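Asks: Pasting in a structure now, in structure tokens, and then I'll have a few things to ask.
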Amino acid sequence: MKAKLGMSPIAWWNDDLAELSDDVSLEECLRQSRSAGFTGMEMGRRFPNDPAVMLPILKAADVTLCGGWFSGTLVDEEMAKNQDRIQPMIDLFKAVNAPCIVYGEVGRSIQGDRSKPLATKPKLSDDEMKAYAKRLTAFGEWCAGQGMPLSYHHHMAAVVETEPELDAFMRHSGEGIPLLLDAGHLAFAGGDVLRAIDNHHKRISHVHVKDVRMGVIEKLDRTKQSFLDAVALGAFTVPGDGSLDFGAIVQRFADHGYEGWFVVEAEQDPKKNPPLKMAEVGHKELMRVMTSAGYTVETQGFPNA
């Protein structure tokens, strides 16, 4: 089985908490992640939107674009508005041969609002979840029809956060909307990562190997502290530095035959946790558990022309 290892630039520049950002260029970010062994990088705010500009940067760094976040609003807004907003991203991602666009629901979400405690996260009724899942399926089918598949990201402080919410979303949605399984977000939400992989492996198309510091999470006052407060306190980290057993998690993906990207997404204070050092820690741990699970990790970055 083959696997690819990527990173998210959120370790270098945090789009929600500017104070958790390193003053490094895109080129330096790519250089550091590649030197740690990663061959892919998800898109961040310092990436150019012109493929003619982006491709030479990726080629020089020997890195491919392995995904990127789209802020969807289908829980509240009509599909046409989301189609109009995502179309330029579809065109860009096709031009640079990215594998998928990560759909993150921001409608009703409190994930970016530091004034909203975790306990006030939005919840959908059964009927709302059914209608939402149906819309997402149709939107995913439309995006795939445009030549770029989506991967749905369950997320803390959003409408699909907990394991029961994820199960309901998956039950009411269809194959037209594949799943991004994020170990850290599910563990933060109190879910069972291995059980979720077992239940939904047929639809998983992308994986975020985010680790958590359960000691930080368990001390949170969810009636007073927000998702961003948790991030600032260090709730997330890279595999090998947190509380999750990625040996068991990666083995479970292998048991179900998953092949594709495993992306380290670990937002934390780059001054306390230097991104290059953390990238090296994460890569070392992933290579250990990937090898044990029988994966062959691809080492080529930008494809040979």
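Take 81 as the starting number for the sequence shown in the numbering used here and just add one per residue.
Virtual Cβ for every residue (Gly too), placed ideally from N, Cα, C.
Being a predicted model, the structure only gives us computed values, none of them experimental.
(1) In chain order, which continuous runs of the alpha helix (DSSP H) of length 4 or greater are located wholly inside the segment 205-241?
(2) Should residue 189 be labelled buried (16 or more other beta-carbon atoms within 10 Å of its own) or exposed?
(3) Take residue 339 and list the residues in its own chain whose beta-carbon comes closer than 7 Å to its own, dropping the five residues that flank it on each side.
(4) Please check the pair residue 353 and residue 317, which I expect to be a contact at CB under 8 Å, by giving their CB distance rounded to whole angstroms.
(5) Is residue 115 helix, strand or coil when you go by DSSP?
(6) Distance check for residue 329 and residue 336, CA to CA, integer angstroms please.
(7) From the DSSP secondary-structure annotation, give me the bridge partner or partners of residue 85.
(8) Cutting at 7 Å between CB atoms, please list the residues of its own chain near residue 334, excluding the five before and the five after it.
(9) Could you tell me whether the segment 302-320 touches the segment 271-288, where touching means 3 or more Cβ pairs closer than 8 Å?
(10) In chain order, which continuous runs of the beta strand (DSSP E) of length 3 or greater are located wholly inside the segment 265-317?
(11) Where does residue 371 fall in DSSP's three states?
(12) Hey, how far is the Cα of residue 155 from the Cα of residue 191?
(13) Starting from the C-beta of residue 283, find all residues in its chain whose C-beta is less than 7 Å away, skip the five residues before and the five after it, and write them out in chain order.
(14) Does DSSP put residue 257 in a helix, in a strand, or in coil?
(15) Whole angstroms are fine: how far does the CA of residue 104 sit from the CA of residue 357?
(16) Classify residue 349 as helix, strand or coil using the three-state DSSP reduction.
(17) For the alpha helix (DSSP H) that residue 138 lies in, which residues bound it at each end?
(18) Report buried or exposed for residue 290, applying the criterion of at least 16 other Cβ atoms within 10 angstroms of its Cβ.
(19) Any chance the segment 116-134 sits against the segment 151-166, with 3 or more Cβ pairs inside 8 Å?
(20) Please state whether DSSP places residue 361 in a helix, a strand or coil.
(21) Give me the Cβ distance between residue 434 and residue 151, rounded to the nearest whole Å; I'm assuming they're in contact under 8 Å.
(22) Tell me which residue opens and which closes the beta strand (DSSP E) that residue 181 is part of.
(23) Taking the CB atoms as reference points, tell me whether residue 342 and residue 324 lie closer together than 9 Å.
(24) Considering only the alpha carbon of each residue, which of 268, 294, 262 and 293 lies closest to residue 281?
(25) Using DSSP with H/G/I as helix, E/B as strand and the rest coil, what is residue 324?
Replies: Taking the structure as given:
(1) 206-225
(2) Within the sequence shown, residue 189 is the residue found at index 109, counting from 1. Under this definition residue 189 is a buried residue.
(3) Position 259 of the sequence shown, counted from the first residue, corresponds to residue 339. Correct list, in chain order: 81, 82 and 83.
(4) Along the sequence shown, read from residue 1 onward, the residue named residue 353 stands at position 273. Along the sequence shown, read from residue 1 onward, the residue named residue 317 stands at position 237. 7 Å between Cβ atoms; contact.
(5) Reading the sequence shown from its first residue, position 35 is the one you call residue 115. If DSSP states are grouped into helix, strand and coil, residue 115 belongs with the helices.
(6) Looking up residue 336 in the sequence shown gives position 256. Looking up residue 329 in the sequence shown gives position 249. Answer to the nearest angstrom: the Cα atoms are 11 Å apart.
(7) Position 5 of the sequence shown, counted from the first residue, corresponds to residue 85. In the DSSP output, where bridge partners are listed per residue, residue 85 has 342.
(8) Position 254 of the sequence shown, counting from 1, holds the residue named residue 334. If we look at residue 334 and ignore the five residues flanking it on each side, its Cβ neighbours are 81, 373, 374 and 375.
(9) no
(10) 284-288
(11) Along the sequence shown, read from residue 1 onward, the residue named residue 371 stands at position 291. Looking at residue 371 - three-state DSSP - the assignment turns out to be helix.
(12) Residue mapping note: residue 155 aligns to position 75 of the sequence shown, counting from 1. Residue mapping note: residue 191 aligns to position 111 of the sequence shown, counting from 1. Roughly 15 Å separates the two Cα atoms.
(13) Within the sequence shown, the letter at position 203 stands for residue 283. Hits under 7 Å: 250, 255, 258 and 259.
(14) For the purposes of this step, residue 257 is identified with residue 177 of the sequence shown, where counting begins at 1. Residue state, collapsed to three classes: coil.
(15) Locating residue 357 in the sequence shown gives position 277, counting from the first residue. Locating residue 104 in the sequence shown gives position 24, counting from the first residue. One C-alpha to the other measures close to 15 Å.
(16) Locating residue 349 in the sequence shown gives position 269, where the first residue counts as 1. Correct three-state label for residue 349: coil.
(17) Counting from one through the sequence shown, the residue named residue 138 turns up at place 58. Where residue 138 is concerned, the enclosing alpha helix (DSSP H) stretches over 131-141.
(18) By one-based count along the sequence shown, residue 290 stands at place 210. So residue 290 counts as buried.
(19) no
(20) Your numbering for residue 361 matches position 281 in the sequence shown. Reduced to three states, the DSSP call for residue 361 is helix.
(21) A query on residue 434 cannot be resolved here, the shown segment of the chain reaching from 81 to 385 and no further.
(22) Along the sequence shown, read from residue 1 onward, the residue named residue 181 stands at position 101. That run of the beta strand (DSSP E) goes 181-185.
(23) Walking along the sequence shown from the start, residue 342 turns up at place 262. Walking along the sequence shown from the start, residue 324 turns up at place 244. Not in contact: residue 342 and residue 324 (Cβ atoms no closer than 9 Å).
(24) Taking the first residue of the sequence shown as position 1, residue 281 is located at position 201. It is 262.
(25) Numbered from its first residue, the sequence shown carries residue 324 at position 244. Here residue 324 sits in coil by DSSP.
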